[in-house]
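Q: Heads up: the protein sequence lines correspond to chains A and B, in order. Start counting the first sequence at 1; every next residue gets the next number (our numbering). Start counting the second sequence at 1001; every next residue gets the next number (our numbering). Just so it is clear, CB atoms sit at the ideal spot from N, CA and C, and this is done for glycine as well. Quick one: this structure, given as structure tokens, is what I'll be asking you about.
Protein chains: 2
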Amino acid sequence: MEIRRDSGARPLNLGLAGFGTVGRGLARILDENRDNLKLRSERPIRIRSILVRDPARARACPFPPQAKICADMDDLIRDPDIEVVVELMGGLEEAGRLIRGALEAGKHVVTANKALLAEEGGELFRLAARRGLHLGYEASVCGAIPIVQTLREGLSANRILTLFGILNGTSNYILSAMTSTGMSFDLALRQAQELGFAEADPSMDTEGLDAAHKLTLLIRLAWGVDYPFSLLPVEGISRTAPEDIGFAREFGYNIKLLGYARLEAENSRGRPRLEAGVFPTLVPRNYLLASVGDSYNAVRVEGNAAGSVFLHGRGAGSLPSGSAVAADILQIARGARPNNLGYVLPELPQAEILPPQETSASYYMRLTVLDRPGVLRDVAAVLAGNDISIAQAIQRGQKDVVPLVIMTHATTPVNAARALAQVKATGVLFADPVCYRVMPPSA
Amino acid sequence: MEIRRDSGARPLNLGLAGFGTVGRGLARILDENRDNLKLRSERPIRIRSILVRDPARARACPFPPQAKICADMDDLIRDPDIEVVVELMGGLEEAGRLIRGALEAGKHVVTANKALLAEEGGELFRLAARRGLHLGYEASVCGAIPIVQTLREGLSANRILTLFGILNGTSNYILSAMTSTGMSFDLALRQAQELGFAEADPSMDTEGLDAAHKLTLLIRLAWGVDYPFSLLPVEGISRTAPEDIGFAREFGYNIKLLGYARLEAENSRGRPRLEAGVFPTLVPRNYLLASVGDSYNAVRVEGNAAGSVFLHGRGAGSLPSGSAVAADILQIARGARPNNLGYVLPELPQAEILPPQETSASYYMRLTVLDRPGVLRDVAAVLAGNDISIAQAIQRGQKDVVPLVIMTHATTPVNAARALAQVKATGVLFADPVCYRVMPPSA
């Protein structure tokens, strides 16, 4: 008599591409939480093959013992036993080729590649839909926070009114360190690099591009439209000075790098008209978002039925991102039906972008001016001439050159930019003006 | 030639039981967000019948025009055109009969009935599993917050270490009002009742039973075990005094009514050993949880891979709860495969409950004592005799009877209770002692 050693369910074989931070986290979760996973899905999950650039290179973290190591992506794509390709190698060209190849070969795909999905996602989602395959990407936006699923399913019956959040952990770590200690951007960046929160080249994070990739994916989920990545306004934090953080605090705000999107209205064909962008923003200190410290991520979504829903967690890291990858894999193991975008049509329309002159915000402006009589009057005259009214102003210090800090009432970004250009043209500025959006206390 | 007026997909017909707050919210969402729902699912969703106690009663909110109104639950159960029964009438006996009948008739069920699922859920989930049917209950825990789905899917690859949160909006409204204004429990309750946040009989909310129902469901999702509702320790907030809130603030805490569960370890058969309960708790003021104001709900889950994930939103109300009900319905319309509990086995084992003497916590104790020399010494001696060490103490006031407030280091609830009984036996107390758990600053 033969003794059956397991439930007999067919294992779900993974082809893992990349064995970096997230890949190793996934391998560890599949190993250490094996008993838990058995309770969750009848099918055991196995890493069958791992694709790496150089299989022979010595590694601090050993490969899982049962995995075949390969250097050719066709070894994953052509292996009939692999049901799911897990793309964790990053980059655009090769990763795109792998995902396309895997989907064309009828394999499900799970990926953490926000850049690829933001810039070329449309085609990949159509391909997955045509083949009836999963293209899972929970890990690509805010790591362990289940924001993809929340938009696709939890809030699916809502018209989403606004969506904004702290979508990049590195820049939040830097801003939080600057806020709590008063240190400079450069020093905070160096500290983040030493602690492993920032890459050697941090510009994707600090210039807002990583947040912009994630925002593009979130817009797609929230409104069912493609917002062309290249059209998204993006501003980073590398010019943010400790004094801006200090003045913001005096006014009752923390500066956070926000990805922001808002539904203005639907156009005549029912297509959403959106305002969106990534920019440093003054967030009222009594908001949960203002309290998001360290390298945490958070997203706040306002639905017309649910009201506001706020999610907070680890946006990156080996195990948090691995947790999201593993959740997508489990859904496949459980036999869930693919629902990659949350919309019936695999071809999403382009977003209609609200022209800047139709948007409005309050602004924080810091002008570095010569301390002589009449400067405030001249600046105020330029603002008034551009229909901008001043809510609060601080001019302080006894030196030749002093900061003049202004909080405006709501105006359009067009007016704000024109006013600042005119102030600059008067010759009173000793440095480029700083201008940040201010989130209204009732948002 | 015939012109097709819609996509031709078969509508998903609902039988709605109950047309109260949540039922009306659902009807409004299905109507007002119709265009959005069309993008999300090929199948139009229609309320075919509404079951009410008295169809003839005049109503402020009219029934949806196309719905048949009935008073006999068999009209829902026996209607072959109804695919989903939406149970929003509440209560145990009748609601249980309806859900059982619907499942036995092969219909999917969506419900917001936390009491029923907490107290008799096991049988209903087994029945649904046997028939391969959806038994959706996102709306039954924390309204619009997608915590059911997050535990079942988003964090499914994690061993959950702790789970706690503000699970009842009414009591949070009361505690928040007491905290911000210093008003008494009775006054805050009356205010909550006037604003519609509390029922005429508020005891389910203020005595912690509603939170306990939700905690029972969350424990089932997080650990795959049935924690018998009757064994869950529950303490409400009706005895919480403004002075407790004031002293807590002096120590750096806000008092919140928390549902709390923690995995201590697995027993030899791999079954989780849990510590759980509902009780007023001192939460460090720098925690996000401490900032949850108004009638909001929030849950914090710590997974061994994801780290901490914090979700915040509206825990009740017509549209927020309706949003969660509609999300479950959409999943059915989309043809999602049922995954009601998140576990393979439809029969969950009983939780193993950690004996109180194996748990530990710091405590806040407020003793109302006679202001005479030696009282603090006597109390301290009793505490020391029970192995309890004092972290901080405040004795204040010039009256005959003064509060003596003590924050202890970690001890067992058994020691704490014995110590308080001994203090009481010495005859120095002028009122029953107050004793609340304190959440450690690093939890």
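Between the C-alpha atoms of Pro1011(B) and Arg1046(B), what's the straight-line distance to the nearest angstrom?
A: Rounded to whole angstroms, Pro1011(B) to Arg1046(B) spans 7 Å at the Cα level.
Q: Hey, could you find the ends of the alpha helix (DSSP H) Asn1172(B) is sitting in?
A: 1169-1181
Q: Considering Cα atoms alone, identify which of Pro338(A), Gly246(A), Arg334(A) is closest to Val405(A).
A: Gly246(A)
Q: Of all the alpha helix (DSSP H) runs that stay within the bounds of the stretch 12-83 of chain A, which reach a length of 4 or more residues?
A: 21-32, 34-40, 74-77
Q: Quick one: is Leu1319(B) near chain A, going by C-beta distance under 8 Å?
A: It does: the Cβ of Leu1319(B) has a partner Cβ on chain A nearer than 8 Å.
Q: Given that a residue counts as buried once 16 or more other Cβ atoms are within 10 Å of its Cβ, and exposed if not, what is Cys1435(B)?
A: buried
Q: Count the other CB atoms within 10 Å of the CB of Arg43(A); is the residue buried (16 or more) or exposed (fewer)?
A: buried
Q: So which residues of chain A does Ile1029(B) contact, with C-beta pairs closer than 7 Å?
A: Ala157, Ala305
Q: So, is the C-beta of Ile3(A) closer than 8 Å to a C-beta in chain B?
A: Summary for Ile3(A): the model assigns pLDDT 43, below 50, so the residue's position carries little reliability; its value from the coordinates is reported in the next sentence. Judged by the 8 Å Cβ criterion, Ile3(A) is not in contact with chain B.
Q: Within the chosen definition, does the stretch 129-142 of chain A reach the stretch 104-111 of chain A through at least 3 CB pairs nearer than 8 Å?
A: By the Cβ rule, the stretch 129-142 of chain A counts as touching the stretch 104-111 of chain A, because three or more pairs are nearer than 8 Å.
Q: Sorted by chain position, which residues of the same chain lie with C-beta nearer than 6 Å to Leu383(A)'s C-beta, five sequence neighbours on each side aside?
A: Ala419
Q: I'd like to know whether the C-beta of Ala443(A) is nearer than 8 Å to at least one C-beta of chain B.
A: For Ala443(A), the predicted model reports a pLDDT of 49, less than 50, meaning its position is unreliable; a value from the coordinates is still stated below. No - not a single Cβ of chain B is within 8 Å of the one on Ala443(A).
Q: Taking C-beta to C-beta, are Val1283(B) and Tyr1253(B) nearer than 8 Å?
A: It is a contact, given that the beta carbons lie within the stated cut-off.
Q: Measuring straight from C-alpha to C-alpha, what distance separates Gly121(A) and Met73(A)?
A: For Gly121(A) and Met73(A), the gap between their C-alpha atoms comes out near 20 Å.
Q: If you reduce the DSSP assignment to three classes, tell me which class Gln1392(B) lands in.
A: Strand at Gln1392(B).
Q: Beta-carbon within less than 6 Å of Ile174(A)'s beta-carbon, same chain only, minus the 5 sequence neighbours each way: which residues are those?
A: Ala188, Leu189, Ala192
Q: Closer than 9 Å between beta carbons: that is the criterion. Which residues of the stretch 123-145 of chain A meet it against chain B?
A: Answer set for the stretch 123-145 of chain A: Glu138, Gly143, Ala144, Ile145.
Q: Since Ile1219(B) and Thr1240(B) are thought to touch, with beta carbons under 8 Å apart, how far apart are those beta carbons, to the nearest angstrom?
A: About 25 Å separates the two Cβ atoms, so there is no contact after all.
Q: What is the rounded straight-line gap between the Cα of Asp54(A) and the Cα of Val86(A)?
A: 18 Å
Q: Under the assumption that Tyr363(A) contacts Thr426(A) (Cβ atoms under 8 Å), give the Cβ distance between them as a whole number of angstroms.
A: Actually they do not touch by this definition, with Cβ atoms about 19 Å apart.
Q: Pull up the distance between the alpha-carbon of Ala95(A) and that of Leu1221(B), whole angstroms please.
A: Approximately 35 Å, taken between the alpha carbons.
Q: Between Phe1164(B) and chain A, is any beta-carbon pair separated by less than 8 Å?
A: no
Q: Which residues in chain B have a C-beta closer than 7 Å to the C-beta of Val84(A)? List them in chain order.
A: Val84(A) does not reach chain B, its nearest Cβ partner there being about 14 Å away, counting only Cβ pairs nearer than 7 Å.
Q: Can you check whether the CB of Tyr287(A) is closer than 8 Å to the CB of His312(A)?
A: no
Q: Spatial neighbours of Ala1212(B) within its chain, please: C-beta separation below 6 Å, excluding the five flanking residues on both sides.
A: Leu1232, Val1234, Val1278
Q: Taking buried to mean at least 16 other C-beta atoms within 10 Å of its own C-beta, is Lys214(A) buried or exposed?
A: buried
Q: Considering Cα atoms alone, identify which of Phe229(A), Ala410(A), Arg100(A), Glu199(A) is closest to Ala461(A).
A: Absent from the model: residue 461(A). The displayed extent of chain A is 1 to 443, so no value can be given.
Q: Could you check whether the Cβ of Leu289(A) sits closer than 8 Å to any Cβ belonging to chain B?
A: The Cβ of Leu289(A) sits no closer than 8 Å to any Cβ of chain B.
Q: Quick one: which residues of the stretch 1334-1352 of chain B get their C-beta closer than 7 Å to a C-beta of chain A? List them in chain order.
A: Arg1334, Gly1335, Ala1336, Arg1337, Asn1339, Gly1342, Tyr1343, Val1344
Q: Which runs of the alpha helix (DSSP H), 4 residues or longer, sit entirely within the stretch 350-426 of chain A?
A: Correct list: 375-385, 413-425.
Q: Please go through the same chain and pick out, in chain order, the residues whose beta-carbon is closer than 8 Å to the beta-carbon of Leu161(A), but skip the five residues on each side of it.
A: Arg262, Leu263, Glu302, Gly303, Asn304
Q: Where does the unbroken beta strand (DSSP E) through Val1283(B) begin, and where does it stop?
A: 1272-1284
Q: With C-beta atoms as the reference, is Ala326(A) less than 8 Å away from Leu51(A)?
A: no
Q: Could you check whether the Cβ of Leu1012(B) sits closer than 8 Å to any Cβ belonging to chain A?
A: Output row for Leu1012(B): interface = no.
Q: Straight-line CA distance for Glu1199(B) to Ser1321(B)?
A: Using only the alpha carbons, I get a separation of about 17 Å.
Q: Give the list of continuous alpha helix (DSSP H) stretches no shorter than 4 residues that lie fully inside the stretch 184-235 of chain A.
A: 185-194, 203-206, 209-223
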